[in-house]
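**Q**
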Amino acid sequence: MNANYTPLSEIPAIHGSLQRTFRRGVTKPLSWRRRQLLQLARFVKENADALAECLYHDLGKPKQEVMMLEVRSSVQRILSAAENFEKWAQPNLVNPSQPWQQGWNPRVEKSPKGVVLIISPWNFPVLLTMIPLCGAIAAGCCALIKPSELTPTVSAFLAKSLSKYLDLNAYTFVLGEIPEMTAVLELRWDHISYTGNSRVARIIAAAAAKHLTPVTLELGGKSPVIVDSTADLLISVKRILWSKLNAAGQICVASDYVLVQKSIMPEFLEACKEVLATFFPGIGGALKSDSYSRIVSDLHFKRLKGLLVETNGKTVVGGNWNEQQRQIEPTIVVDVEPGDALMNQEIFGPILPVIAVEDINEAIEYLNTRNDSPLVIYIFSQNEENKKKIIANTTSGAVAINDTFMQVAIEELPFGGVGESGHGRIFGKRTFDNFVYERSITDTPYGDEEVLAGRYPPYQEECPEI
Ligand code: NAD
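Taking the numbering used here, the leading residue of the sequence shown gets 334, the next gets one more, and so forth.
Structure representation (structure tokens):
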């Protein structure tokens, strides 16, 4: 067993200790929550370089990607929660429609759910731990965090270093793999927030159901891109390839495959070659570049290599790999049939199937036949009718037009999936909302006794008028 992993026998005691902290009311005062949130932001800021080193070690992530998408985004979102959570936590006063209920001071309080479990993935192990954790802190909950074993350096660093900034009695970690997760899932949590794949999501949802625990499932899937003949090709391709090659395509909202209108297919492929040459100039291209991540594990590398071997499509760009570095070249595959290996699973790597379709109607038909309700649909078009038609006739967690990832950049937009891509919404107040429940409160004055007198037995023979 890995020496860093949490002993199985300790897991129930950790859970019990978090429950005692919550019951003591430690995490509830707003001033305490604010302090923990500021400490969380301080942790990310002060450890930015160390986190970048860990991420380089585990994923080969270029420092600029870490600073942009892990460090800066985390700090900004934590500080935004610290600034706004007192507003989110305010009770909503209710104005009853019945005049005789006016004096009861009816309100909805946002009560912390209790002790929550946060399971974070490996692809953005900092940001996707910080977002739910800051929601749980803002809500006044205690939390157990289970980071991914696939980024062991980051996970161990988070577990060790965060305890110097946060109250260890309220926020703590379990490190490990399936046995540790299984032990954690046997316990009763007041909410589970899981970010990861839909296979494990089913295991988590089943375990949660045993305790009637509510869950937020932030999953992935095959997010398609539709490009019609009115798109600005060079800009579109730059934006599509950025989303496919950032973190080497290991992003839940990465462009998974592209449906291109047949009439512009040759120009689209030419633009791909042109953009790749600008992203990764010089001999060796991406495989020699400092701006290109590794594949997270041998298993995922083998899976991606397998897809390239199994596909019946034709590789027109890339197709090489470096096993030692665990890197796969940016690869574009055409003539991919619907049943192809590349179309049977989320690719989660730098391989892009580009499929020709006659028109937008065929693209919509293609998506709807797959019936996999992706996290996002990307549309590249300057035709307003086409945009409207795609939105009206498809299902997805989000739609982003003429860019990739930007739906995630706006904190005020809800983020989450539908169907296979998950359920529940996060970001800003919505993350906070996951960890509170609405508690209805009334306070009926004794002086209202006269108004209420008719409800007591013995009942009148004649019912009061309704
Ligand atoms: P992962 O490998 O980190 O696995 C998630 C967790 O499941 C780990 O903690 C692991 O220990 C646990 N696990 C694995 N098998 C288990 C089992 N049999 N029983 C109990 N626990 C088990 O994450 P991943 O799934 O490889 O991450 C990639 C996926 O996450 C992709 O599908 C991606 O789209 C999705 N994702 C979604 C979002 C989002 O916000 N929607 C963000 C990032 C990633």
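All C-beta atoms, glycine included, are put in the ideal place defined by N, C-alpha and C.
Name, in chain order, the residues that DSSP records as bridge partners for Cys-387.
**A** Looking at the DSSP assignment, Cys-387 forms no beta bridge with any residue, so it has no partner.
**Q** From this set, Val-751, Leu-746 and Asn-716, which residue's C-alpha is nearest Gly-730's C-alpha?
**A** Per the C-alpha coordinates, the member of Val-751, Leu-746 and Asn-716 positioned closest to Gly-730 is Val-751.
**Q** Quick check: is any heavy atom of the ligand NAD less than 7 Å from the C-beta of Pro-707?
**A** No, the beta carbon of Pro-707 sits no closer than 7 Å to any heavy atom of the ligand NAD.
**Q** Would the region 380-392 count as touching the region 485-494 if we require 3 or more Cβ pairs under 8 Å?
**A** With a cut-off of 8 Å, the region 485-494 and the region 380-392 count as touching, because enough Cβ pairs lie within range.
**Q** Going by CA-CA distance only, name the one from Thr-505, Ile-616 and Arg-532 that's closest to Pro-345.
**A** Thr-505
**Q** For a quick check, are the C-beta atoms of Ala-689 and Lys-595 less than 8 Å apart?
**A** yes
**Q** For the ligand GTP, is there any heavy atom lying closer than 7 Å to the beta carbon of Met-514?
**A** Among the ligands in the structure shown, the ligand GTP does not appear; only the ligand NAD can be found there.
**Q** Is the shortest distance between the beta-carbon of Asn-704 and the beta-carbons of chain D less than 8 Å?
**A** Going by chain labels, chain D is absent from the structure shown, which holds only one protein chain.
**Q** Return yes when at least one heavy atom of the ligand NAD lies under 7 Å from the C-beta of Glu-510, else no.
**A** yes
**Q** Report the rounded CA-to-CA distance for Leu-370 versus Ile-464, giving the unit in angstroms.
**A** In a straight line, the C-alpha of Leu-370 is about 11 Å away from that of Ile-464.
**Q** Distance check for Tyr-779 and Pro-439, CA to CA, integer angstroms please.
**A** Each residue's Cα considered, the two are about 15 Å apart.
**Q** Indicate, with yes or no, if the ligand NAD has a heavy atom lying under 7 Å from the CB of Thr-728.
**A** Checking the Cβ of Thr-728 against the ligand NAD gives no.
**Q** Do Pro-480 and Ser-453 count as a contact pair if the criterion is CB distance below 8 Å?
**A** Pairing Ser-453 with Pro-480 gives a Cβ-Cβ distance under 8 Å.
**Q** Any heavy atom of the ligand NAD closer than 7 Å to the CB of Leu-552?
**A** yes
**Q** Thinking just about the alpha-carbon of each residue, which of Arg-366, Trp-365, Leu-402 and Arg-368 is nearest to the one in Ala-381?
**A** Cα-wise, what sits closest to Ala-381 is Leu-402.
**Q** For Ser-494 and Val-667, what's the separation of their Cα atoms in angstroms?
**A** 46 Å
**Q** From the DSSP secondary-structure annotation, give me the bridge partner or partners of Cys-475.
**A** Val-448
**Q** Ordered along the chain, which non-local residues of its own chain (more than five positions away) have a Cβ less than 8 Å from that of Gly-761?
**A** Arg-410, Ser-413, Ala-414, Asn-417, Glu-744 and Glu-745
**Q** So is Pro-791 buried or exposed if we call it buried at 16+ other beta carbons inside 10 Å?
**A** exposed
**Q** Rounded to whole angstroms, how far is the Cβ of Val-709 from the Cβ of Ala-725, which I believe are closer than 8 Å?
**A** Contact doesn't hold; Cβ gap of about 16 Å is too wide.
**Q** In the DSSP assignment, find the unbroken beta strand (DSSP E) run with Pro-557 in it and report its ends.
**A** Per DSSP, Pro-557 is one residue of the beta strand (DSSP E) stretching across 557-560.
**Q** Got a sec, what are the start and stop residues for the alpha helix (DSSP H) Met-423 sits in?
**A** Reading off the sequence shown, one finds Gln at residue 423, where the question assumed Met. Where Gln-423 is concerned, there is no enclosing alpha helix (DSSP H), given that its DSSP letter is neither H nor E.
**Q** What do you get for Ala-696, buried or exposed, if any count of 16 or more other CB atoms within 10 angstroms of its CB means buried?
**A** buried
**Q** Just mark Val-560 as buried or exposed, buried being the case when its beta carbon has 16 or more other beta carbons within 10 Å.
**A** buried
**Q** Less than 8 Å between the CB atoms is what I'm expecting for Ser-754 and Gly-554, so what's the real figure, rounded?
**A** 4 Å
**Q** Shortest alpha-carbon distance to Asp-523 belongs to which of Leu-566, Gly-473, Leu-483 and Ser-569?
**A** Considering only alpha carbons, the answer is Gly-473.
**Q** Taking the alpha-carbon positions, what's the Pro-614 to Val-608 distance?
**A** 10 Å
**Q** Near Thr-484, what residues of its chain come up, given a Cβ to Cβ distance below 8 Å and the 5 sequence neighbours on each side ignored?
**A** Cys-387, Leu-388, Asp-391, Leu-392, Trp-455, Pro-458 and Val-629
**Q** First and last residue of the alpha helix (DSSP H) that includes Tyr-770?
**A** Not the alpha helix (DSSP H): Tyr-770 falls in the beta strand (DSSP E), residues 769-774.
**Q** So what does Trp-654 bridge to, in DSSP terms?
**A** Ile-661
**Q** Taking the alpha-carbon positions, what's the Lys-361 to Arg-788 distance?
**A** 38 Å
**Q** Could you please give the first and the last residue of the uninterrupted beta strand (DSSP E) stretch that includes Ala-275?
**A** With the chain covering 334 to 799 only, the question about residue 275 has no answer from this structure.
**Q** May I have the straight-line CA-CA distance separating Pro-557 from Phe-738, to the nearest angstrom?
**A** 13 Å
**Q** Can you tell me whether Asn-645 is buried or exposed, with buried defined as 16 or more other CB within 10 angstroms of its CB?
**A** Result: exposed.
**Q** State yes or no: is the C-beta of Phe-376 within less than 8 Å of the C-beta of Val-448?
**A** Going by C-beta atoms, Phe-376 is not nearer than 8 Å to Val-448.
**Q** Measure the Cβ-Cβ separation of Leu-685 and Val-533 and say whether it is below 8 Å.
**A** no
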